[in-house]
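As numbered in the numbering used here, residues 576 to 1023 make up the sequence shown, in order. Remarks on the structure that follows.
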Amino acid sequence: MSKERFPGAMSRRGAIKTALAWGAGVALIDPLTGLAAPEDEKKPVPADPKAPARSVIQIWLAGGPCHLDTFDPKPEAGNDFSGPLAKPIPTSVPGVMIGELLPMLAQQADKYSLIRSLTHGVNAHETASYLVQTGHQPGEGLVHPCLGAVVALLKGYDHGYQGLVPPYVVLTTSQGRFSESGFLGEQYAPFATGGDPNQKRFAVEGIISEEISDARLLGRRELLKTLDTLGMALPTSPQFDRFNQAEKKALVTVAKAGTLFDLSQEKDELRNRYGRTTFGQSCLVARRLVEHGVRYITINSGGWDTHKQHFQIMRRMLPELDRGLSTLLSELSERGLLDSTIVWCCGEFGRTPRVQWAPPWNGGRGHHGKCFSVLVAGGGFKGGRVVGASDSRGEEVTDRPVHPQDLLGSICKLLGIDPAAKLPNDRGLDLQVMPSTEGGRGLLAEIM
């Protein structure tokens, strides 16, 4: 999996350089370039360590899930809007209903809140994805970093993070729609794992090989040493000694990092609870990463751009989402991690409430940025609440419009990050984490 294919993702070479830097214990070294950072570089204000949230799991439903079929059902609108999914179910919170294909999430409703009034009015994938993940409008001749990169900057290497893997991890591939690290630079790009956690061996890019066993890899390392004639000729060279020590530490670091992604350490019963799917097992990996202190994990789940055969696809995908996400929330709660871990789940927009029955769509839904929903849980977000409302057909926001910067700004607050904090950039521009939200009144105070 190359950086060229997934722009903005940390490459195999970047991962190895990072491991070498960690293994050597080198201070003030850029983990990707290996160059020393300027001593006079102005550091941004770090996150408040006393904030309730420590980590974030972002579940990104790329393509845009339909709010009517998930978190904002409208059965009274009729068949042209609900289609065959016209029987929403009650949740564990009185008066709150969600889509009929989400029965397990319905039983976890006390753990999350629903925002039914997210809006930005954009129907283009790239622009909408950028808006929802950065909080900024495109333009200005630059690319703003997404929230994960900001967290990597303000809660990462320079601020006490000592994890075995980079502080920002993507399961399993980056979107490639824009550079996630933006003007912050590749140092804060996500480490995209590649591979598939639902396979017998989760082949994590640069850490675990799908085709080569650990024993065979060790054998190759030993063979390489026998071919190192220069190193053997200078056995007491301090330069070679420092390199060898750094290499040993790096190999130990990579080996330990591999254990984070080794799902064979989990019981089959638990793995089955999450669902034996790529998405379900990604949720389990995300829980393991949170346990080991990783700051920001994005699970990229594709296939939600359902212009055709929408309802057939939903009958397959919604149960997968239901099982994986509900088990994740339950496990985080059981392990005492939900109070310090934010989980948020949505796509770049919703889908047209009115079903497109005519050919060539034959029961599809288009893009809909005027009104859609998001689930938020943990890390200081209250559970069992509903924020905002849409009209009787789910077409327009009728109460408490929430914009992307309001949502992301609220997540920042719970992480101890000031949404108005200044971000470093090579142009010397006055840039901040989130654009102004009318003096902070746009933040989701009612569920914080």
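Glycine residues also receive a C-beta, built at the ideal position from the N, C-alpha and C atoms.
On the CB-based measure, 16 or more other CB atoms within 10 Å of its CB, does residue i come out buried or exposed?
i, result
"Asp644", "buried"
"Ser754", "buried"
"Leu982", "buried"
"Gln774", "exposed"
"Ser965", "buried"
"Ser839", "exposed"
"Ala596", "The predicted position of Ala596 is uncertain, since its pLDDT is 43 and thus under 50; no value can be drawn from it."
"Ala628", "buried"
"Gly941", "buried"
"Glu780", "buried"
"Asp843", "exposed"
"Gln887", "exposed"
"Gln633", "buried"
"Asp974", "exposed"
"Gly963", "buried"
Between which residues of its own chain and residue i is the CB-CB distance below 8 angstroms, once the five residues before and five after are set aside?
i, result
"Gly1023", "Per the sequence shown, residue 1023 should be read as Met rather than Gly. Excluding positions up to five away in sequence, the list reads Gly955, Phe956, Lys957, Ser985, Lys988 and Leu989."
"Leu907", "Arg862, Val865, Leu913, Thr916, Val918 and Gly953"
"Glu971", "Lys945, Cys946 and Ser965"
"Ala684", "Thr666, Ser667, Val668, Val671, Ile673, Gly958 and Gly959"
"His695", "Ala703, Leu706, Val707, Phe924, Gly944, His978 and Pro979"
"Pro772", "Leu746, Thr747, Phe836, Leu838, Thr853, Gln856, Ser857, Leu859 and Val860"
"Ala681", "Ile664, Pro665, Thr666, Ser667 and Ile673"
"Glu895", "Gly850, Thr852, Phe854 and Gly855"
"Phe656", "Leu643, Lys649, Pro928, Arg929, Val930, Arg968 and Gly969"
"Asp897", "Leu676, Leu677, Pro678, Met679 and Leu680"
Does at least one heavy atom of the ligand ADP sit under 7 angstroms from the Cβ of residue i?
i, result
"Asp733", "Absent from the structure shown: the ligand ADP. Ligands present: none."
Please list, in chain order, all residues of the same chain as residue i whose beta carbon is under 7 angstroms from its beta carbon, the five residues on each side excluded.
i, result
"Pro619", "Leu728, Leu729, Ala996, Lys997, Leu998 and Pro999"
"Leu864", "Val744, Leu835 and Ile872"
"Lys686", "Leu904, Ser908, Leu913, Ala952 and Gly958"
"Glu841", "Leu859"
Measure the C-alpha to C-alpha separation of residue i and residue j and round it to an integer number of angstroms.
i, j, result
"Leu660", "Ser915", "35 angstroms"
"Pro765", "Asn654", "42 angstroms"
"Asn937", "Arg926", "15 angstroms"
"Asp623", "Arg870", "14 angstroms"
"Pro934", "Gln737", "55 angstroms"
"Val740", "Phe758", "22 angstroms"
"Trp635", "Arg1002", "31 angstroms"
"Glu701", "Ser749", "13 angstroms"
"Ala594", "Ala724", "Confidence at Ala594 is low in this model, with a pLDDT of 46, below 50, so the placement of that residue should be treated as unreliable; the coordinate-derived value is given next. If you take the alpha carbons of Ala594 and Ala724, they lie about 19 angstroms apart."
"Trp879", "Val718", "25 angstroms"
"Pro928", "Pro663", "15 angstroms"
"Phe777", "Leu1006", "39 angstroms"
"His882", "Arg891", "15 angstroms"
"Val930", "Gly911", "42 angstroms"
"Gln712", "Pro813", "53 angstroms"
"Leu1018", "Gly991", "14 angstroms"
"Gln762", "Ser756", "8 angstroms"
"Gly833", "Pro742", "15 angstroms"
"Gly638", "Leu893", "14 angstroms"
"Gly1027", "Thr768", "Only positions 576 to 1023 of the chain appear in this structure, which leaves residue 1027 out of reach."
"Arg968", "Pro650", "9 angstroms"
"Gly939", "His734", "47 angstroms"
"Pro1010", "Arg846", "41 angstroms"
"Leu1004", "Val726", "20 angstroms"
"Val1008", "Tyr732", "18 angstroms"
"Ala626", "Asp993", "11 angstroms"
"Cys721", "Thr709", "4 angstroms"
"His885", "Ala699", "19 angstroms"
"Ala652", "Arg691", "17 angstroms"
"Val697", "Asn875", "21 angstroms"
"Trp932", "Gly770", "37 angstroms"
With DSSP collapsed to three states, give me the class of residue i.
i, result
"Arg926", "strand"
"Thr709", "helix"
"Met1023", "coil"
"Ser1011", "coil"
"Phe766", "strand"
"Pro742", "coil"
"Ala727", "helix"
"Cys858", "helix"
"His942", "strand"
"Lys997", "strand"
Can you list, in chain order, the residues of its chain whose CB lies under 6 angstroms from that of residue i, leaving out five sequence neighbours each side?
i, result
"Cys921", "Val949"
"Gly899", "Tyr849, Gly850, Phe854, Gly855 and Cys858"
"Met889", "Asp644"
"Val631", "Tyr871 and Ile917"
"Ser901", "Met679, Leu680 and Gln683"
Does the count of Cβ pairs from the stretch 626–645 and the stretch 672–687 closer than 8 angstroms reach three?
-> yes
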